[in-house]
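Scroll down for the structure; my scribbles are underneath it.
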Amino acid sequence: AAIERKLVTNMEMWRWMPDDLGDFHVWVNLPEFLVRVVKNGEMIHEERIITGELNNQTPIFSDVLETIYFNPRWNVPQSIKVNELYPGLARGGGSFERQGLRMMRNGKYVDPYSIDWSRADIRNYDVYQPSGPGNALGIVKFTFPNKHAVYLHDTPTKNLFNEQSRTFSHGCMRVRNPNDRQLPVAGITYQLAVAGEAFAHGESERDFVVPALGSAEFDVHVTANAATALLKILAGGRKLETVDYRLTGK
158 AAIERKLVTN MEMWRWMPDD LGDFHVWVNL PEFLVRVVKN GEMIHEERII TGELNNQTPI
218 FSDVLETIYF NPRWNVPQSI KVNELYPGLA RGGGSFERQG LRMMRNGKYV DPYSIDWSRA
278 DIRNYDVYQP SGPGNALGIV KFTFPNKHAV YLHDTPTKNL FNEQSRTFSH GCMRVRNPND
338 RQLPVAGITY QLAVAGEAFA HGESERDFVV PALGSAEFDV HVTANAATAL LKILAGGRKL
398 ETVDYRLTGK
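Start counting at 1 in the sequence shown, then tack on 157, and there's your number in this note's numbering.
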């Protein structure tokens, strides 16, 4: 009965989705941990994703894909700086160097271990991870500016995609093989190949503005269609708890 009530609530959420999802769009379905590319009503690509952990659930929304960043650098969000980096630095240790992070203030590099963190506010410092093989965003990220500041991106931790329930991120959606040569994103396959060559030669971040498809935009829909996931789970004999926390959405 509880699952049924949540399914009804979940179905109600779909009333707020756009009537027209777009002839060519990206559909992320959180309970399935999958992203699909849809063209003229036909799914032409599907890939596994990792979504937000229970305390940082990926939001549900629709937006427009605008920019693809190749070899991206990761600008560490304020929440991670405050909740994860600051405690370690305040103790005089932490994983700052191990993660390959760098700190700047007013355009100048700063040694994080030379700062008195009992008096300084880490939110006033820019912290980032340069482009490279160990970068948290991998080789590419797909951005569709939104108030939640989440996006789709690559990841170096491919082993996590073997898990059934993949809730490991801070809210962004990690894609297993975003540089797959079959990724049919508005003819950007060639751009991804070029990015791969640039990555191999250690080049820094570069961006590519996504062209409109004629007069149409490239829509991205992040959804929680639990009914689709539930049918899959029941068919496979898996436990309902796999999608239970997603049924009511965020």
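Glycine included, C-beta positions come from ideal geometry on N, C-alpha and C.
Sort out for me which residues DSSP pairs serine 424 with in a bridge.
Outside the shown range of the chain (158 to 407) lies residue 424, about which nothing can therefore be said.
Less than 6 Å between C-beta atoms, sequence neighbours within five positions excluded: which residues of the same chain meet that for valine 379?
Same-chain partners within the cutoff: Val185, Ile217, Phe218.
For a test of the three-state rule: what should DSSP assign to glycine 344, helix, strand or coil?
Only weak support is given to the placement of glycine 344: the predicted model assigns it a pLDDT of 49, under 50, and the value that follows is read from those uncertain coordinates. DSSP places glycine 344 in coil when its eight states are reduced to three.
Classify methionine 260: buried if its beta carbon has 16 or more other beta carbons within 10 angstroms, exposed otherwise.
Buried.
With distance defined between alpha-carbon atoms, name the residue in Gly295, Met330, Ala293, Ile296 nearest to tyrosine 307.
According to the sequence shown, residue 307 is valine rather than tyrosine. Considering only alpha carbons, the answer is Met330.
Considering just the uninterrupted stretch of the beta strand (DSSP E) at leucine 191, what are its terminal residues?
Leucine 191 -> beta strand (DSSP E) spans 191-196.
Per DSSP, what kind of secondary structure is asparagine 382 in: helix, strand or coil?
Asparagine 382 falls in the coil class under three-state DSSP.
Evaluate arginine 333 with the Cβ neighbour count: other Cβ atoms within 10 Å of its Cβ, from every protein chain shown; 16 or more gives buried, anything less gives exposed.
Counting Cβ neighbours within 10 Å, arginine 333 comes out buried, since at least 16 surround it.
Taking the alpha helix (DSSP H) that tyrosine 243 falls in, what are its first and last residues?
Where tyrosine 243 is concerned, the enclosing alpha helix (DSSP H) stretches over 243-247.
Would the C-beta of asparagine 228 count as close to the ligand SAM, meaning under 8 Å from any of its heavy atoms?
Among the components of this structure there are no ligands whatsoever, and the ligand SAM is therefore not found.
Do you know whose CA, among Pro269, Ile206, Asn292, Phe375, lies nearest asparagine 281's CA?
The option with the nearest alpha carbon to asparagine 281 is Pro269.
Hey, valine 297 and histidine 310 are a contact pair by Cβ (cut 8 Å); roughly how many whole angstroms apart?
Their Cβ separation, rounded to whole angstroms, is 7 Å, which keeps valine 297 and histidine 310 in contact under 8 Å.
Note down the Cα distance separating alanine 251 from valine 233, rounded to an integer number of angstroms.
Just to set this straight, residue 251 is glycine in the shown sequence, not alanine. Cα to Cα, the separation comes out at about 15 Å.
For the candidate residues Glu203, His182, Asn197, whose alpha-carbon lies nearest to that of phenylalanine 190?
Nearest of Glu203, His182, Asn197 to phenylalanine 190, Cα basis: Glu203.
Cβ of phenylalanine 301 within 9 Å of Cβ of histidine 182?
Taking 9 Å as the Cβ cut-off, phenylalanine 301 and histidine 182 do not qualify as a contacting pair.
Going by C-alpha to C-alpha distance, which of Trp274, Glu241, Pro287, Phe325 sits closest to glutamine 214?
Comparing Cα-Cα distances from glutamine 214 to each of Trp274, Glu241, Pro287, Phe325, the minimum goes to Phe325.
For lysine 157, does the count of other Cβ atoms within 10 angstroms reach 16, so buried, or fall short, so exposed?
Missing from the structure shown is residue 157; the chain here goes from 158 to 407 and no further.
Would you check if the region 193-213 and the region 273-280 touch, i.e. whether three or more CB-CB distances between them fall below 8 Å?
The region 273-280 vs the region 193-213: no contact.
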